[in-house]
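Q: Protein chains in written order, with our numbering: chain A, 1 to 310; chain B, 1001 to 1489. Got a structure for you, questions after.
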Ligand SMILES: Nc1ncnc2c1ncn2[C@@H]1O[C@H](COP(=O)(O)OP(=O)(O)OP(=O)(O)O)[C@@H](O)[C@H]1O
Ligand SMILES: [Mg+2]
């Protein structure tokens, strides 16, 4: 029993130990500037990973989030360039993300094609469309105030952290306290049993993809705000980081498992590893290898825990 | 002794599955292993078959103390097991599953020879299977037959059958008995787990009874009365014979009409549906429930025509289907018991759009007590329950839904004697409260006890209706032969 609790707390402990070690190893770590930077850097992946958590719990996967992030950021900034007020621009970015999430869900449920294949396809389609729309050129004419989204501070804390916490609370509530969340778990755990229980499986799967798209659109706007450009090439490879965060946090690619808290920890572990390597002067090449090893390690520990039946 | 187990112990986290498992089998002996759901029967046998490691106790195989670390070690020693929950590879064919892991030593798999050998094995036992069928398409009964073929083809010296007949109908069950008799003649040891008390009385030599993980009785089967056996299993006196007093049927709840297959269900009625494996009973349930259309029948619910195109429609119309295949369509194994129980009735445990977790736990706890589900807490994962307790969770899901029309497809599959009576009592009280029940069962004595009248299906058509108090022979006759053949009989 005792060891069971210990193992369940392992992700927390890892994060904690990592945090302490970095504080000792580098004096530049425990500074407001550095910690805000970590939060701002991880917020984008984190918000995407929240949506990915829902998708993975529902037994699916979304490989297209990196492309959707770019299109959301691009369309949102283009709207602002054309004179839309900042909130409207952000809304455009979120709506674009939601549209593509919906499209993914629609294709998965109506054509009954494997989500891996569908989103591998939309990964290419959305990226291509984004490049076509922008002609491959970034959007620069953005109102100054927009930078507040990614770089502003509220009550001494980065604004994005508030947004992240709000999104996390929202996704947690949906997953643990609503029918949509419950059905997502059921669909991911055994889609046939969910169908035989009379659950509208297609509707709820689509809804989960749409929410993931929405969050990705928001993440796209934050990324654009931090760069103060609408980059058609933004977000390349982010899907793998988002998936890694979910998996490190205990989500299972077999569906039916995953938590918001786990995902947050997963994303922060990866964020700290990257930040720590930077501070300690470890090359980005080595960083990649370290993060890869951490993913395998985390999943191995998780599998062992499950097999022990605690 | 071929195999002897002494003081075997096994814990899963906080659950003690076995505290003192003792059992001894000689070559050429048919040994029954009995006990309530969750008593530890499957766990004990999985330890013998090398699928789980014991925490304590001694296992002797042909006199030598052994400990099998994996299933292939047990197989190499001549132990084979027919599993309670199918452990087949769904995407492979029947033949490939039968020979999986035993393809021989050559680099290339001898496909042709495997197919032929499998076909011969199937034909020899008259099983309704084809060697090249894909296993995922098979019903639970079909999968069970594949498991049996797989276990017997190897020439093992000990065969363990874990509830092999729980989803089989009469003809296949008789064939399983024949297989056991042949094995006995060949001096093979057989351990046979079942909840059907009368099963194998003729064949069984000795019986071991487990209760709460402990061997409480072991001895010869001859002279042991049904009552004594039940007392050993349950630890107290229970009335294991159930008799239902029919109530006067009320208004028509459901009417189904297809060529050669028309019937009605009325409020307060329990209607039995009998037939051989492949007679089309499950297909009928699936059609009414909106899963698939086999018969293209017309449906009336409470007197009004209604089309049902999905389980969602069916549930909205007040219909519940307890499917025969709990692993595939009944249970979300990775989710807690509570999630499974309320899956079809979340509206009952919601306040507005939010779920009311305490209410959900209370509802689940209520069913855990009513159905005597052996579980630690409502939070326990459903897949960690014993087979019979999993079935009870599936039933709880539909009781929680408070449906009006119940289609029970093999509802007592794998459920122990005591719980069976409880399920019957539940069905009876549902009927008394005005529900209509269609009960598919391959266990004929059970149908005769519970049903007010019995429909018999044969090859996708109704082949007669019998009163509740009929005999097994009457049912079998209608299930097996057409009208003209019956006359000759
Ligand atoms: N993998 C597991 N993890 C946790 N508990 C388990 C696991 N497997 C079995 N158990 C528990 O061990 C106990 C014995 O289970 P077992 O499957 O051996 O029962 P059984 O006698 O075969 O019952 P049934 O007649 O229902 O098949 C049960 O309480 C069950 O919940
Ligand atoms: Mg069992």
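Don't be surprised by glycine CBs; every beta carbon is placed ideally from N, CA and C.
(1) Residues of chain B with CB under 9 Å from residue 179 of chain A, in chain order?
(2) First and last residue of the beta strand (DSSP E) that includes residue 1316 of chain B?
(3) For residue 1087 of chain B, which three-state DSSP category applies?
(4) Is it buried or exposed for residue 314 of chain A, if we count other Cβ within 10 angstroms and need 16 for buried?
(5) Restricting to runs no shorter than 4 residues, where is the alpha helix (DSSP H) found entirely within the segment 1421-1457 of chain B?
(6) With DSSP run on the structure shown, which of helix, strand or coil describes residue 1061 of chain B?
(7) Touch check for the segment 1051-1059 of chain B and the segment 1001-1021 of chain B: three-plus C-beta pairs under 8 Å?
(8) Less than 7 Å between the CB of residue 1227 of chain B and some heavy atom of ligand 1, yes or no?
(9) Examine chain B for any beta-carbon lying closer than 8 Å to the beta-carbon of residue 196 of chain A, and answer yes or no.
(10) Quick check: what's the CA-CA separation for residue 1188 of chain B versus residue 1028 of chain B?
(11) With distances taken Cα to Cα, identify the nearest neighbour of residue 122 of chain A among A:67, A:138, A:238 and A:169.
(12) Helix, strand or coil, according to DSSP, for residue 62 of chain A in the structure here?
(13) Hey, would you say the C-beta of residue 250 of chain A is under 7 Å away from at least one heavy atom of ligand 1?
(14) Within this structure, are the beta carbons of residue 1270 of chain B and residue 1450 of chain B separated by less than 8 Å?
(15) Would you check whether ligand 3 has a heavy atom nearer than 7 Å to the C-beta of residue 1387 of chain B?
(16) For a contact meaning CB atoms closer than 8 Å, what does residue 1323 of chain B contact in chain A?
(17) Is residue 219 of chain A closer than 8 Å to residue 71 of chain A when the C-beta atoms are compared?
(18) Can you confirm whether residue 1332 of chain B, when its beta carbon is compared against all beta carbons of chain A, has any partner nearer than 8 Å?
(19) Mind listing the chain A neighbours of residue 1397 of chain B? Cutoff is C-beta to C-beta under 8 Å, in chain order.
(20) Do residue 1424 of chain B and residue 1244 of chain B count as a contact pair if the criterion is CB distance below 8 Å?
(21) Measure the Cβ-Cβ separation of residue 42 of chain A and residue 267 of chain A and say whether it is below 8 Å.
(22) Under 7 Å from any heavy atom of ligand 1, does the C-beta of residue 1012 of chain B make it?
(23) Would you tell me roughly how many angstroms separate the C-alpha atoms of residue 13 of chain A and residue 46 of chain A, rounded to the nearest one?
(24) With 16 as the cutoff for other CB atoms within 10 Å, does residue 1309 of chain B come out buried or exposed?
(25) Could you name the residues of the same chain whose beta carbon sits closer than 7 Å to that of residue 1085 of chain B, not counting the 5 residues immediately before and after it, in chain order?
(26) Name the residue from B:1095, B:1107, B:1432 and B:1024 whose alpha carbon lies nearest to the alpha carbon of residue 1150 of chain B.
(27) What does the Cβ neighbour count give for residue 1090 of chain B, buried or exposed, with the cut at 16 atoms within 10 Å?
(28) Taking Cβ positions only, does residue 309 of chain A come closer than 8 Å to chain B?
(29) Figure out for me which residue from B:1284, B:1375 and B:1329 has the closest Cα to the Cα of residue 1014 of chain B.
(30) Taking 8 Å as the threshold (beta carbon to beta carbon), is residue 85 of chain A in contact with chain B?
(31) At a CB distance below 8 Å, what residues from the segment 1133-1154 of chain B approach chain A? Give them in sequence order.
(32) Taking the CB atoms as reference points, tell me whether residue 1448 of chain B and residue 1432 of chain B lie closer together than 8 Å.
(33) Does residue 1328 of chain B have its Cβ less than 8 Å from a Cβ in chain A?
(34) Between which two residues does the alpha helix (DSSP H) holding residue 1358 of chain B run?
(35) Is it the case that the CB of residue 1162 of chain B approaches a heavy atom of ligand 2 more closely than 7 Å?
A: Considering the structure as presented:
(1) 1346, 1347, 1350, 1353 and 1355
(2) Here residue 1316 of chain B belongs to no beta strand (DSSP E); instead the alpha helix (DSSP H) covers 1311-1316.
(3) coil
(4) Within the shown structure, residues of chain A are numbered from 1 to 310, placing residue 314 of chain A beyond reach of any answer.
(5) For the segment 1421-1457 of chain B, the continuous alpha helix (DSSP H) assignments of 4+ residues that do not extend past its boundaries occur at 1444-1450, in sequence order.
(6) strand
(7) Yes: at least three Cβ pairs fall under 8 Å.
(8) no
(9) yes
(10) Distance between the alpha carbons of residue 1188 of chain B and residue 1028 of chain B: 5 Å.
(11) A:67
(12) coil
(13) no
(14) yes
(15) As far as ligands go, the structure on display features ligand 1 and ligand 2 and does not contain ligand 3.
(16) 196
(17) no
(18) yes
(19) Within 8 Å Cβ-Cβ: 197.
(20) Yes, these two residues count as a Cβ contact at 8 Å.
(21) yes
(22) yes
(23) 19 Å
(24) Counting the other CB atoms within 10 Å of its CB gives residue 1309 of chain B a total below 16, which places it among the exposed residues.
(25) Closer than 7 Å at Cβ, skipping near neighbours: 1327 and 1387.
(26) Nearest in C-alpha terms to residue 1150 of chain B, of all of B:1095, B:1107, B:1432 and B:1024, is B:1095.
(27) By the 10 Å Cβ count, residue 1090 of chain B comes out exposed.
(28) Note that residue 309 of chain A scores a pLDDT of 48, beneath 50, so its modelled location is shaky; the value from the coordinates is reported in the next line. Yes, because at least one Cβ of chain B sits closer than 8 Å to the Cβ of residue 309 of chain A.
(29) B:1375
(30) No, its Cβ sits nowhere closer than 8 Å to a Cβ of chain B.
(31) none
(32) no
(33) yes
(34) 1357-1370
(35) yes
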